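Quick notes on the structure that follows.
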Amino acid sequence: MEQAIRLAGFFAAHGVWCVAAGEALIPLYAYEDAQGGRKMIRYDADSLEDGVALARASLAQNDEEAAQAVVVHDGYVTLESGRTDALIVIARDHAADLTLTLAIPYRNAAHPQGFAVHRPKFLDWRGDSEPDYALLGEQFFAGVEMHELGDRVWQAKLDDSI
Numbered sequence: 032m033e034q035a036i037r038l039a040g041f042f043a044a045h046g047v048w049c050v051a052a053g054e055a056l057i058p059l060y061a062y063e064d065a066q067g068g069r070k071m072i073r074y075d076a077d078s079l080e081d082g083v084a085l086a087r088a089s090l091a092q093n094d095e096e097a098a099q100a101v102v103v104h105d106g107y108v109t110l111e112s113g114r115t116d117a118l119i120v121i122a123r124d125h126a127a128d129l130t131l132t133l134a135i136p137y138r139n140a141a142h143p144q145g146f147a148v149h150r151p152k153f154l155d156w157r158g159d160s161e162p163d164y165a166l167l168g169e170q171f172f173a174g175v176e177m178h179e180l181g182d183r184v185w186q187a188k189l190d191d192s193i
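For the sequence shown, the working numbering begins at 32 and goes up steadily by one.
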């Protein structure tokens, strides 16, 4: 799962980089093949929901026989502070049959205080083993650091308040 969560961190950073500029994030499906090659597919459908459904279907079907894959899409998460914009990230290790879903809450770029990104929130774990969230967090941020532009935005706009 470590490779899958690093992949998730990289593409989550890509998503943060996109939404920081006020862009809408087109749902994306990214994967690594057995040789470590990375591919990304964007699903620019008629609606966000349709794009998300197509990306999630690609993750579930694994037609590319990916070793690990990730879906990143725009959405919402409900926190103690209320409904919040968030990037929803689904990381899948196909070989180990493990899936982790997390949210990256953010403050929209159109907000009077400007863009901010908040700490990731683990939402769901699917697998036979118990997750080591400390290790998963380390691997996630190792992936974030691999995306130079996304990491730079993440570090500059981090708000740990929620």
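All C-beta atoms in this analysis are idealised placements derived from N, C-alpha and C, irrespective of residue type, glycine included.
Small disclaimer: the values here were computed from a predicted structure and weren't measured.
CA nearest to the CA of residue i, picked from the options
{"i": "ASP77", "options": "GLY145, PRO162 and ILE57", "result": "ILE57"}
{"i": "THR130", "options": "MET71, TYR164, ARG69 and GLN186", "result": "TYR164"}
{"i": "PRO143", "options": "GLY53, GLU176, HIS178 and ALA44", "result": "GLY53"}
{"i": "ALA187", "options": "ASP159, SER160 and GLY145", "result": "GLY145"}
DSSP three-state assignment for residue i, whether helix, strand or coil
{"i": "HIS45", "result": "helix"}
{"i": "TYR164", "result": "helix"}
{"i": "MET32", "result": "coil"}
{"i": "GLY82", "result": "helix"}
{"i": "GLY53", "result": "coil"}
{"i": "ALA100", "result": "strand"}
{"i": "GLY113", "result": "strand"}
{"i": "ALA61", "result": "strand"}
Residues that residue i bridges to, as DSSP identifies them
{"i": "TYR137", "result": "VAL148"}
{"i": "TYR107", "result": "ASP116"}
Cut-off 6 Å between Cβ atoms - residues of its own chain near residue i, not counting five sequence neighbours on either side
{"i": "GLU33", "result": "GLN170"}
{"i": "VAL101", "result": "LEU38, ALA39, PHE42, ALA61 and ALA122"}
Same chain only: Cβ atoms within 7 Å of residue i, ignoring 5 sequence neighbours per side
{"i": "LEU133", "result": "VAL120, PRO151, LYS152, PHE153 and LEU154"}
Contact check, residue i vs residue j, beta carbons under 8 Å
{"i": "LEU11", "j": "ASP116", "result": "Residue 11 lies beyond the range of the chain shown here (32 to 193); nothing can be said about it."}
{"i": "HIS125", "j": "ALA91", "result": "no"}
{"i": "ASP190", "j": "ALA147", "result": "yes"}
{"i": "GLY82", "j": "ASP75", "result": "yes"}
{"i": "ALA127", "j": "ALA51", "result": "no"}
{"i": "LEU59", "j": "ALA86", "result": "yes"}
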